[in-house]
Amino acid sequence: MLRTLVCLVLATLLLGSCASTRAQDVAQEAAVLFGQGESSAALDLYERALELAPDNSEYRYNHLLALLDVNPNEVPMQAEEAFAQFPAHLEFLLVKARAYALERAYEQALLTYDRILDLDAGNYELMASVMLLAKSWGYRENALALAEHLVLNHRKEQEASAVIEELASEDSYLRDLATYLTKEAETEDPQQLLQESK
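When you line the sequence shown up against the working numbering, it's residues 535 to 732, in that order.
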């Protein structure tokens with residue numbers, strides 16, 4: 535009885551290891567195809583890798599990237615499912631936002647980016663990028679709100695000031711703030727500071 539139990543446990547471990555190795559091989563083949571621009575073929579292989587290793591977040595992410603090329607309107611739902619399974623991976627929400635943007639569902643894309651920034655409030659690089667996207671999509675208020683947040687937190691001030699100068703009304707305090715920051719940045723020129731110290 536004990537011998538049978540030990541054999542059963544060993545067989546289970548061996549089968550699991552084989553499935554993991556096969557999934558890895560399939561995913562590597564998919565990555566090569568994806569790198570060559572063959573997203574449809576890569577998508578099929580990533581699906582097979584996920585069947586073999588459904589708890590692998592990397593395979594899931596790469597599957598979504600291939601799907602983004604093949605059929606972007608399917609990505610938001612699958613990205614949401616992936617994020618539910620792997621809540622520490624905000625990359626799934628980034629792919630969701632990109633899919634909305636590709637489909638020109640800009641409001642949904644901005645809502646998704648807002649959600650990401652709520653979860654990762656210190657990601658000022660992303661915030662600046664979203665600010666510029668919002669501006670380019672015609673979402674003036676969103677762009678100004680992000681620019682204001684960046685300026686008030688002394689992050690990406692130059693980019694934010696440029697957006698404020700372009701979009702804020704003439705009587706907006708943001709315009710005064712952007713002008714002040716621009717002048718302050720000019721004053722901090724190392725050559726000018728050196729001359730002033732002499």
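Cβ atoms here follow ideal geometry from the backbone N, Cα and C, with glycine treated the same way. Computed from a predicted model, the values in this text were never measured in an experiment.
So residue i and residue j are supposed to be a Cβ contact under 8 angstroms. How far apart are they, rounded?
| i | j | result |
| --- | --- | --- |
| A635 | A643 | 4 angstroms |
| A618 | K630 | Not really, about 12 angstroms apart at Cβ, beyond 8 angstroms. |
| Y593 | A587 | 6 angstroms |
| L678 | L708 | 7 angstroms |
| R689 | Y658 | 4 angstroms |
| L680 | I650 | That pair is no contact at about 12 angstroms. |
| K669 | L701 | 7 angstroms |
| E615 | Y595 | So it is not a contact: roughly 12 angstroms between Cβ atoms. |
| L584 | V604 | Not a contact, Cβ separation roughly 15 angstroms. |
Just verifying my parser: in three-state terms, what is the DSSP assignment at residue i?
| i | result |
| --- | --- |
| Q570 | coil |
| H683 | helix |
| V540 | Residue confidence for V540 is low, a pLDDT of 46 falling below 50, so the modelled location carries little weight and cannot support an answer. |
| N605 | coil |
| Y634 | helix |
| S551 | Residue confidence for S551 is low, a pLDDT of 47 falling below 50, so the modelled location carries little weight and cannot support an answer. |
| E691 | helix |
| S731 | Residue confidence is low: S731 scores 43 on pLDDT, short of 50, so the model does not pin down where it sits. Its coordinate-derived value is still stated next. The answer is helix: DSSP assigns S731 an H, G or I state. |
| S703 | coil |
| A662 | helix |
| A575 | helix |
| A712 | helix |
| K717 | helix |
| A565 | helix |
| A622 | coil |
| R657 | In the sequence on display, residue 657 carries Asn and not Arg. In this structure, N657 counts as coil in the three-state DSSP scheme. |
Starting from the Cα of residue i, find the closest Cα among the options and give me that residue.
| i | options | result |
| --- | --- | --- |
| E572 | V629, H597, R556 | H597 |
| A575 | I650, E615, E563 | E563 |
| H683 | Y673, I698, G672 | I698 |
| E675 | H688, R582, S703 | S703 |
| E691 | A561, A662, L653 | A662 |
| R556 | D578, L567, R582 | R582 |
| P606 | R632, G672, F568 | R632 |
| T716 | N590, D578, A694 | A694 |
| L599 | S706, E585, F620, A565 | A565 |
| D589 | R638, L602, F620 | F620 |
| E637 | V560, V609, H623 | V609 |
| E503 | V664, L653, E625, L660 | The chain is shown from 535 up to 732; residue 503 falls before or after that span and cannot be answered. |
What residue does the alpha helix (DSSP H) around residue i start on, and which one ends it?
| i | result |
| --- | --- |
| F617 | 609-619 |
| N590 | From DSSP, N590 is part of no alpha helix (DSSP H); its letter is neither H nor E. |
| R649 | 640-653 |
| Y673 | Element bounds for Y673: n/a, residue is neither H nor E. |
Just checking: is the beta-carbon of residue i within a distance shorter than 8 angstroms of some beta-carbon in chain C?
| i | result |
| --- | --- |
| A561 | Judged by its chain identifiers, the structure shown contains no chain C, having just a single protein chain. |
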